[in-house]
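Accompanying notes for the structure given below.
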Amino acid sequence: MTLALATDATTVTRIEIADHVEPAFVAGPATRDDLLAAARTAGARPALLAVLGDLPDRPYAELRQLWTDLPEVPITR
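Here full-length UniProt numbering is used: position 9 in the sequence shown is 9, and no number is missing along the way.
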């Protein structure tokens, strides 16, 4: 998996991801496409969309499950 974590200005954080995708979990488990749709609706920047686009295509029952597939993503900058 290739992540968009290049420089501090483009670093995507777990907090940023959570802020953009949390609404995707309101109706239950969220797929990668659900997460991308929620992030786009929330105005996510391209680097964040790239990280989400690299996720495996599977359902995530809760936000915390994303971190298993995104271990390199820091909590904050």
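Every residue, glycine too, gets a C-beta built ideally from N, C-alpha and C.
Could you tell me the distance, in whole angstroms, from the CA atom of leucine 48 to the CA atom of proline 29? 20 Å
Just mark isoleucine 17 as buried or exposed, buried being the case when its beta carbon has 16 or more other beta carbons within 10 Å. buried
Mind listing, in chain order, the continuous alpha helix (DSSP H) runs of no fewer than 4 residues lying wholly within the stretch 29 to 75? 32 to 41, 46 to 53, 66 to 69
Here's the rule I'm using: 16 or more other beta-carbon atoms within 10 Å means buried, otherwise exposed. How should arginine 32 be labelled? Buried.
Separation of arginine 58 from aspartate 19, as counted between CA atoms: 20 Å
Measuring CA to CA, which of Thr13, Val21, Trp67, Ile75 is closest to threonine 41? Val21
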